[in-house]
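Chains as they are written, first to last, in the working numbering: chain A, 1 to 510; chain B, 511 to 940.
Idealized CB from N, CA, C, for every residue including glycine.
Below is one structure; the comments refer to it alone.
Listed below in structure tokens is the structure:
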């Protein structure tokens, strides 16, 4: 019979002023895939940091029993020594080193400090085979995609003789196909007897692979569900503490005249001058309408949006942009903003926020003119604006003076949204607005989108989650390899129809 | 994890009031670095007051202190913006030396006629300084050449031009008295002095210099006006905040802060008044400090510089013209380097090839002691000014004590390291 490999008992961890975990219990059986789910900020990552020794023994209360003995990890080295390996959401690979160098970084096969490259590469090749990655061990990390990088991380974990593999949001930035492959790999490992803990927001994935699910909410264990009880609805209810009958807010579209029209938009790659990334796109958005752009990773959706927004991406950009029928100049970000176009980035940490400044300053950054007179900022007006948007978008923080770097993903996203709402755009382009944020915050973002549409804004939503597009948009464009390959009303669209459009579009000559 | 506490706010304003005490406490903690720095400066001054047996606070020495260090602080104002925007400028010492040489040549050697007037020369020099900043900033902003490299080149180039202008090792002078007043002059006493103790007259009927006691009344009046204005505007800002329903800092804290600051200011004003009044260069420096505090705290351009330093890509995607902003930061630095060069030349009374040599390091150290982050996005004007004074007081105090110049450098280095280590340690703990 199976035995318990890991037991975390009554874990309590306090930060100054906040109890992040209180009496959390987690029990993992040998050879199972155990999912840990919960909203952002529920305490999942803190729990994993306690387990892996990032928070050293003694800084928390409770006990960790691993393979029958109580462990007191002082750091990651201790836990890795016992075969517990964490793969974090943000990958920890060195881009300019090869796959082999990364896998054995700090752990090289070497004699007297001289690296035995043959041994490293042979072992790497064997590990890559195990994870099903067909790449030369000498390939630089920077030259392979995120999906493959994730596999390299797993190969690296395998090289450390892992017994308990912990994956923190492993598919957050992967395409559908890569995600499936990764989950299959997990199942394969399970057949070989490995135990895994999977932290994920994607409930369909959890549903598919997990043997057990532990739900954490507000730093407490809510319940552990076994295979027969696992269902998306059950998990969601447990995660948010209320039943989410409808995952998308109801809305009655009031669609008006065409606001934004883009004609024959073409963009070339910023480095490879010959590569055309966007190939003659035509789209339009109407007042009060939510338009979705579906497509696979790499279809060129972000590139399209960013090139439109002040030429923030690409070279040799051609095409025409019309706002309410009149051609406008969007050749710089400030011009685009002045014409009422806003772009909410998919990568809020890199492109959206000043993480070392507080909420108030981030919210007003794109529209400082709105809180100043003669270039002098009115502090009180700014404070009022920030508090207003904090309330409107329900940003959860102690005050608007909290650093955005300390906020959870969902709250960060709300700050970025607030920034652009305060710029008062007519056209709002949202790029993956709910990536990496939890169910509860997603619903809040959808509600904001619905409210903006009802206020008469024209909204474009780029998303890789097809159910989301089907749930919140009025019309969906399908994009593939730099061109629009389909357009359909959301009411008669379906995941299958979108996929068919993508597949059919792939055959077209460029 | 730590962010999700507390119920959802009903309305922004109400919540701010509700959280008032916590905000005030956290505001105090965030300002502690700034207060701590000022306290450190005061502690250092008191220390040297003892070790120099009372020389440090002597009116004449205070004037010296200001006149010796003003150019460091003036340049530190520009350097703060450079560092906050995520860059560095190694060329400021050489630019200052070059401008000093240029000014001397224009005033003393070249037959420029009416254009050799000190005021005209100064204005031309400031413009040229701005031009130098623009030339360096152009490569940094528009071609993304690392500022370290561009300004390292500038450091070599302008030191070389400075020496070439002066014809090798020679110095050029003496500079006109009107120009020297920039550094060694004092504001005129338009009100007239007040004699507290009449000077002793010796048998020959001549007054003994340094005896008796007169007060420079213009200085006293200016000081009083400044202190009253400080208290009045502080109070007014509080009132406005409260009128809009926001919690201001606790009243007692405000009163203590205002009283302590005013008392310190009045003490210094009195010391200056009992010598020859306020140095002109102190007035220039004070005006610039006030301007830069205002620009960084209240103006949109200041806010944009901090945003750019914090995350350049995000700033750019928020419609901020980061290239032009970077250029402007370096133009500003160039103008202030030129002003620093003029102040050095005016103090020495001549232009020398080594003027400003190595001062870029003092300037950068002042900014880092003042709490700026080498990563950009963080730093305060007041911090840089206090950092500059800490360096200056240590120079001055150790010189009076007779500490060897070599060891002075060792001590300054340790203070720089200690200040930054303290800062990083505090941040990690928080």
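- Count the C-beta pairs between the segment 180-198 of chain A and the segment 162-172 of chain A that are closer than 8 Å, then say yes if the count reaches three, no if not. The answer is yes - the segment 162-172 of chain A touches the segment 180-198 of chain A, with three or more Cβ pairs under 8 Å.
- Report the residue ranges of all alpha helix (DSSP H) runs contained in full by the segment 110-167 of chain A; include only those spanning at least 4 residues, in chain order. Assignment of alpha helix (DSSP H) within the segment 110-167 of chain A, counting only whole runs of 4 or more residues, yields 117-130 and 146-159 in chain order.
- Task: On a CA-only basis, which of A:389, A:192, A:437 and A:330 is nearest residue 260 of chain A? Give me that one, please.
- Result: Of A:389, A:192, A:437 and A:330, the residue nearest in Cα terms is A:330.
- Item | Own chain, CB closer than 8 Å to residue 665 of chain B, minus 5 neighbours either side, in chain order | Excluding residues within five positions, the ones whose Cβ falls inside 8 Å are 600, 601, 603, 604 and 870.
- Member of B:749, B:695, B:647 and B:797 whose CA lies at the smallest distance from the CA of residue 836 of chain B: Selected option, being the one with the closest Cα: B:647.
- Query: How would you list, in chain order, the residues of chain A whose beta-carbon sits under 9 Å from the beta-carbon of residue 669 of chain B?
  - Reply: At a beta-carbon threshold of 9 Å, none of the residues of chain A lie near residue 669 of chain B; the nearest stands roughly 35 Å away.
- Three or more C-beta pairs below 8 Å linking the segment 448-462 of chain A and the segment 490-500 of chain A: As far as the Cβ criterion goes, the segment 448-462 of chain A does not touch the segment 490-500 of chain A, which means the pair count is below three.
- Along chain A, in chain order, which residues have C-beta atoms closer than 8 Å to that of residue 653 of chain B? Within chain A, no C-beta atom comes less than 8 Å from the C-beta of residue 653 of chain B; the nearest is roughly 16 Å away.
- Item | Distance between residue 347 of chain A and residue 280 of chain A (C-alpha atoms, nearest Å) | So the alpha carbons of these two residues sit roughly 25 Å apart.
- Near residue 288 of chain A, which residues of its chain fall below 6 Å by C-beta distance, leaving aside the five closest residues on each side in sequence? Answer for residue 288 of chain A: 254, 255, 256, 453 and 456, listed in chain order.
- Item | residue 434 of chain A versus A:110, A:423 and A:447, residue with shortest Cα-Cα distance | The candidate whose alpha carbon is nearest that of residue 434 of chain A is A:447.
- Query: Beta-carbon of residue 821 of chain B versus every beta-carbon of chain A: anything under 8 Å?
  - Reply: Yes, contact with chain A.
- May I ask you to report which of helix, strand or coil DSSP gives residue 343 of chain A? Note: residue 343 of chain A maps to strand in three-state DSSP.
- residue 458 of chain A, enclosing beta strand (DSSP E) - first and last residue: Counting along the chain, the beta strand (DSSP E) containing residue 458 of chain A begins and ends at 458-462.
- Item | Outcome for residue 404 of chain A when other beta-carbon atoms lying within 10 angstroms are tallied against a minimum of 16 | Buried, since its Cβ has 16 or more Cβ neighbours within 10 Å.
- Tell me whether residue 34 of chain A is buried or exposed, calling it buried when 16 or more other Cβ atoms sit within 10 Å of its Cβ. Buried is the call here.
- Task: Look up residue 551 of chain B in the DSSP assignment and say whether it is helix, strand or coil.
- Result: Helix.
- Query: Nearest chain B C-beta to residue 361 of chain A closer than 8 Å, yes or no?
  - Reply: With 8 Å as the cut-off, residue 361 of chain A counts as an interface residue toward chain B.
- Message: Any heavy atom of the ligand FAD closer than 7 Å to the beta-carbon of residue 255 of chain A?
- Response: The ligand content of the structure shown is nil, which means the ligand FAD is not present either.
- Message: By alpha-carbon positions, which one of B:852, B:825 and B:853 ends up nearest to residue 344 of chain A?
- Response: It is B:825 whose Cα lies nearest to the Cα of residue 344 of chain A.
- Query: Under the DSSP definition of a beta bridge, which residues are partnered with residue 327 of chain A?
  - Reply: The bridge partners DSSP lists for residue 327 of chain A are A:322.
- Message: Rounding to the nearest angstrom, what Cα-Cα distance links residue 92 of chain A and residue 186 of chain A in this structure?
- Response: Between residue 92 of chain A and residue 186 of chain A, the C-alpha separation is close to 20 Å.
- Query: When DSSP labels each residue in this structure, what does residue 310 of chain A get in the three-state scheme?
  - Reply: Residue state, collapsed to three classes: coil.
- Hey, would you say residue 791 of chain B sits closer than 8 Å to residue 580 of chain B, going by beta carbons? Yes, the pair counts as a contact, with Cβ atoms nearer than the cut-off.
- Using the beta-carbon of each residue, which ones in chain B are nearer than 8 Å to residue 94 of chain A? The premise fails here: residue 94 of chain A is roughly 20 Å from chain B at the closest Cβ pair, so nothing lies under 8 Å.
- Task: For residue 354 of chain A, return the contacting residues in chain B, with the cut-off set at a CB-CB distance below 8 Å.
- Result: Chain B residues near residue 354 of chain A: 816, 817, 820, 821, 824, 825 and 887.
- Item | residue 518 of chain B, DSSP secondary structure in three states | Low per-residue confidence applies at residue 518 of chain B: pLDDT is 38, beneath 50, and the placement is therefore not dependable, though the value from the model is reported in the following sentence. If DSSP states are grouped into helix, strand and coil, residue 518 of chain B belongs with coil.
- residue 831 of chain B: contacting residues in chain A (beta-carbon distance under 8 Å): Against chain A, the beta carbon of residue 831 of chain B has neighbours under 8 Å at 332 and 334, listed in chain order.
- Closest Cβ-Cβ distance between residue 834 of chain B and chain A: below 8 Å? Answer no: the Cβ-Cβ gap between residue 834 of chain B and chain A never drops below 8 Å.
- Query: What's the call for residue 875 of chain B, buried or exposed, on a 16-neighbour Cβ count within 10 Å?
  - Reply: That one is buried.
- Query: Which two residues bound the contiguous beta strand (DSSP E) that contains residue 483 of chain A?
  - Reply: Secondary structure note for residue 483 of chain A: its beta strand (DSSP E) is the uninterrupted segment 483-489.
- Query: Is DSSP giving residue 524 of chain B helix, strand or coil here?
  - Reply: Low confidence applies to residue 524 of chain B: its pLDDT is 36, below 50, so where it sits in the model is not reliable, and the reading given next is rough at best. In the three-state reduction of the DSSP assignment, residue 524 of chain B falls in the helix class, which pools H, G and I.
- Message: Considering just the uninterrupted stretch of the alpha helix (DSSP H) at residue 381 of chain A, what are its terminal residues?
- Response: Element bounds for residue 381 of chain A: 379-392.
- From B:708, B:625 and B:578, residue whose alpha carbon lies closest to that of residue 866 of chain B: For the residues B:708, B:625 and B:578, the minimum Cα distance to residue 866 of chain B belongs to B:578.
- Could you give the DSSP three-state label for residue 696 of chain B: helix, strand or coil? Strand, per DSSP.
- Query: So, residue 888 of chain B versus residue 644 of chain B, is the Cβ gap smaller than 8 Å?
  - Reply: No, Cβ-Cβ distance for residue 888 of chain B and residue 644 of chain B is not below 8 Å.
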